[in-house]
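Working notes for the structure below.
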Amino acid sequence: MESTEKDILRGGQFLVKETNCEDIFTPEDFSEEQLMMKEAVTEFVDREIWPNKPRFEAKDYALTESCMRKAGEMGFLSISVPTEYGGMGMGFIDTMLVCDYISGATGSFSTAFGAHTGIGTMPITLYGTEEQKQKYVPKLATGEWFGSYCLTEPSAGSDANSGKTKAVLSEDGKSYKITGQKMWISNAGFCNLMIVFARIEDDKNITGFIVGYDKNNPNGITMGEEEHKLGIRASSTRQVFFNDTVVPVENMLSTRGNGFKIAMNALNVGRIKLAAACLDAQRRVITESVKYANERIQFNTPIASFGAIRQKIAEMATNCWVGEAASYRAAKNIEDRIILRQNNGKDSHQEAELKGVEEYAIECSILKVAVSEYIQKCTDEGIQIFGGMGFSEDTPMESAWRDARISRIYEGTNEINRMLSIGMLIKKAMKGHVDLLGPATEVANELTGIPNFDVQDFSELFSEEKSIIANLKKLFLMVAGAALQKYGEKIEQQQQLMLAASDILIQIYIAESAILRAEKMAKKQGEDQVKEQIAMAKLNLFHAIDVIETAGKHSIISFSTGDEQRMMLMGLKRYIKYVNMPNIIELRNIIASKVIKENKYCF
1 MESTEKDILR GGQFLVKETN CEDIFTPEDF SEEQLMMKEA VTEFVDREIW
51 PNKPRFEAKD YALTESCMRK AGEMGFLSIS VPTEYGGMGM GFIDTMLVCD
101 YISGATGSFS TAFGAHTGIG TMPITLYGTE EQKQKYVPKL ATGEWFGSYC
151 LTEPSAGSDA NSGKTKAVLS EDGKSYKITG QKMWISNAGF CNLMIVFARI
201 EDDKNITGFI VGYDKNNPNG ITMGEEEHKL GIRASSTRQV FFNDTVVPVE
251 NMLSTRGNGF KIAMNALNVG RIKLAAACLD AQRRVITESV KYANERIQFN
301 TPIASFGAIR QKIAEMATNC WVGEAASYRA AKNIEDRIIL RQNNGKDSHQ
351 EAELKGVEEY AIECSILKVA VSEYIQKCTD EGIQIFGGMG FSEDTPMESA
401 WRDARISRIY EGTNEINRML SIGMLIKKAM KGHVDLLGPA TEVANELTGI
451 PNFDVQDFSE LFSEEKSIIA NLKKLFLMVA GAALQKYGEK IEQQQQLMLA
501 ASDILIQIYI AESAILRAEK MAKKQGEDQV KEQIAMAKLN LFHAIDVIET
551 AGKHSIISFS TGDEQRMMLM GLKRYIKYVN MPNIIELRNI IASKVIKENK
601 YCF
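According to the UniProt record's numbering, the sequence shown is numbered sequentially starting from 1.
This is the structure in structure tokens:
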């Protein structure tokens with residue numbers, strides 16, 4: 001059935017509208033073709049990448065490059081490239097799926113893959129002229145050429161628009177000369193093409209350029225040595241220096257001064273794909289950890305039978321599973337939006353994709369933060385399960401832990417993304433795209449009114465959990481609404497309040513996604529068949545409430561006083577309340593028993 005404008009929730013609307021489980025996409029909904037693609041990618045990784053982990057850790061950059069060439073031969077670099085430019089022209093979910101399963105074995109390869117297919121190729125497919133696309137994209141799609149993306153500078157990191165790299169127009173008006181310094185450039189050591197951002201004259205915003213690179217004819221481009229990094233060690237990362245690098249005027253990407261917009265939109269897509277890139281790494285870490293826990297005997301018994309280890313396994317599996325639920329839910333929303341815009345005939349493929357992703361920029365930021373933090377926790381617990389062996393380079397845990405650390409920094413730090421998610425939500429509310437004011441006013445009235453003491457019937461699966469989710473949304477509106485009323489547009493200066501509000505927002509989105517995924521499975525397969533998934537959704541909600549309570553309390557007691565504070569603290573208590581508390585040790589045991597029995601991540 002084709003989606004219509006009405007049924008697709010707009011970005012951020014999950015906060016003020018109820019979503020039915022039938023309306024979300026889950027990994028259980030993969031088509032035959034998608035499952036075959038998943039199998040092909042997994043087979044490639046198990047053959048080419050996983051067995052060579054020690055070589056990646058030994059900074060074998062040539063291996064990264066040769067694996068990228070092989071990925072190109074398999075067609076994996078061209079999934080999202082339109083067919084007219086030599087790509088497969090597949091949908092957004094397919095792009096997510098390939099990014100997910102190709103990224104699990106080592107961060108070195110997944111960084112090279114992400115930098116090339118995402119920020120290295122995508123700005124041209126989305127913003128390039130027809131000539132630029134015909135000239136460059138087919139070579140990038142096959143892996144004949146590799147792309148890199150030159151945005152960050154020593155003085156321009158999170159503040160990307162403050163770059164000092166200059167582009168000066170030649171007297172004959174036929175070319176620009178680019179001069180400046182870029183740093184942390186992934187794939188720099190083997191790229192043939194760079195997307196470079198520079199400022200023309202004193203323009204307010206930077207401009208994007210497509211710059212070719214040929215080692216034999218460097219055109220004023222020099223490279224620093226490979227950076228020595230904590231993780232992603234075989235990902236080529238260098239400084240790049242431009243000294244009067246001549247770039248023809250026809251290589252300007254989009255229009256003058258549009259570079260900042262290109263950079264921001266490329267990062268939106270990069271964020272949701274980064275979440276995907278952290279998923280299979282978790283599956284593999286969980287599998288390795290469980291295998292070890294089943295084999296490691298202490299006190300005459302496998303350590304997998306100890307409650308302390310079972311707790312870790314259950315929590316690791318839960319975080320992975322809920323991250324999958326939320327990532328693929330958002331991916332489908334984006335895909336539907338792209339199709340809708342194309343079907344309306346108003347947008348080209350480029351425009352449809354840009355607007356589709358931009359619509360869900362809030363969800364992209366939420367996922368980037370949540371899933372990058374899950375992989376960090378997962379690898380940390382993986383080391384702990386391995387004990388002393390986890391600290392050794394002989395087991396895959398220590399490299400997984402080091403590789404995981406970068407995911408909280410690139411594509412915008414998690415702090416920036418937390419504040420972005422709230423900032424974008426406020427902007428959407430002001431534009432009237434998400435009605436926050438109406439529901440916030442209703443919540444304020446509800447708080448001053450007489451509470452409803454009716455006994456609710458929670459006999460149906462997830463009925464209580466969904467009622468809690470609805471209340472958590474009210475809690476967000478209560479806290480954010482009161483803070484906005486107090487600070488107005490100056491709320492952006494209250495970073496600690498923005499961070500707390502985003503913690504509430506993130507937990508709501510992830511918890512709701514998990515409950516909807518488990519409910520959808522239970523309706524299809526029967527509750528008995530999916531008791532572990534039901535347990536994960538319930539366990540995750542319990543943890544979400546803890547995070548939300550802390551964030552809510554910190555906010556309320558920091559910006560309100562007197563009666564207002566008392567009223568909101570009472571509201572907080574009311575909105576996080578369970579009628580029937582879950583037995584979380586029992587939930588963990590249900591999840592852990594399944595994973596330990598299967599001897600792998602099995603969901």
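Note that CB positions come from ideal geometry on N, CA and C, so glycine has one too.
Only a predicted model underlies this, so the values are computations on that prediction, with no experimental measurement involved.
Tell me whether residue i sits in a helix, a strand or coil according to DSSP, three-state version.
i, result
"residue 608", "Nothing in the structure corresponds to residue 608, since the chain is present only between 1 and 603."
"S3", "The predicted model places S3 with a pLDDT of 49, which falls under 50 and marks its position as unreliable, so this point remains unresolved."
"L193", "strand"
"P302", "strand"
"M183", "strand"
"Q239", "strand"
"S463", "helix"
"S513", "helix"
"I576", "coil"
"A269", "The sequence shown places Val at residue 269, rather than the Ala named in the question. Here V269 sits in helix by DSSP."
"E199", "The question names Glu, yet the displayed sequence has Arg at residue 199. In the structure shown, R199 sits in a strand (DSSP, three-state: E or B)."
"I206", "coil"
"G488", "helix"
"D454", "coil"
"S148", "strand"
"D244", "strand"
"T222", "strand"
Compute the distance between the beta-carbons of residue i and residue j, then report whether it is under 8 Å.
i, j, result
"I309", "I385", "yes"
"F542", "A317", "no"
"A326", "S513", "yes"
"N251", "I210", "yes"
"N294", "I596", "yes"
"I548", "I510", "no"
"G157", "K204", "no"
"G208", "S254", "yes"
"Y328", "I93", "yes"
"I338", "E324", "no"
"R402", "L274", "no"
"R233", "K70", "no"
"K520", "C21", "yes"
Straight-line CA distance for residue i to residue j?
i, j, result
"L9", "I576", "25 Å"
"E442", "L477", "10 Å"
"G104", "K428", "35 Å"
"K261", "G11", "19 Å"
"R588", "V98", "30 Å"
"K174", "E351", "28 Å"
"G562", "L499", "24 Å"
"W145", "P54", "26 Å"
"T301", "C320", "27 Å"
"A276", "S78", "17 Å"
"M419", "N217", "43 Å"
"residue 635", "D454", "Residue 635 lies beyond the residue range present for the chain, which begins at 1 and ends at 603; the question has no answer from this structure."
"A198", "K524", "53 Å"
"L425", "V434", "8 Å"
"Q507", "E33", "32 Å"
"A160", "T152", "7 Å"
"N452", "E446", "10 Å"
"M1", "D336", "Residue placement at M1 is poorly supported in this model, since its pLDDT is 40, which falls under 50; the coordinates still yield a value, given next. Each residue's alpha carbon lies about 11 Å from the other."
"V16", "Y136", "43 Å"
Report back the beta-carbon spacing between residue i and residue j to the nearest angstrom; my notes put them in contact at under 8 Å.
i, j, result
"I102", "F113", "6 Å"
"V579", "F458", "6 Å"
"Q181", "P154", "6 Å"
"V479", "I422", "Not quite, the Cβ-Cβ distance comes to about 11 Å (not below 8 Å), so this is no contact."
"F109", "T165", "With 8 Å as the limit, F109 and T165 do not qualify as a contact, their Cβ atoms being about 29 Å apart."
"G143", "M68", "6 Å"
"Y176", "V249", "7 Å"
"F56", "T106", "5 Å"
"S365", "C278", "At roughly 14 Å, the Cβ-Cβ gap does not stay under 8 Å, so S365 and C278 are not in contact."
"T287", "Y601", "5 Å"
Would the beta-carbon of residue i be found less than 7 Å away from any heavy atom of the ligand MG?
i, result
"D457", "For the ligand MG, the structure offers nothing, since it holds no ligand at all."
- Message: I want to know whether the region 463-478 touches the region 565-581 - three or more CB-CB distances under 8 Å.
- Response: yes
- Item | the region 482-494 in contact with the region 514-522 per 3-pair CB rule at 8 Å | no
- Message: Whether or not the region 404-412 and the region 259-273 are in contact is what I'm after, with contact meaning three or more pairs of Cβ atoms, one per stretch, closer than 8 Å; do they touch?
- Response: yes
- Three-pair Cβ contact test at 8 Å for the region 184-191 versus the region 220-239: yes
- Message: Using a Cβ distance threshold of 8 Å, determine whether the region 26-33 contacts the region 371-386, with at least three qualifying pairs required.
- Response: The region 26-33 vs the region 371-386: no contact.
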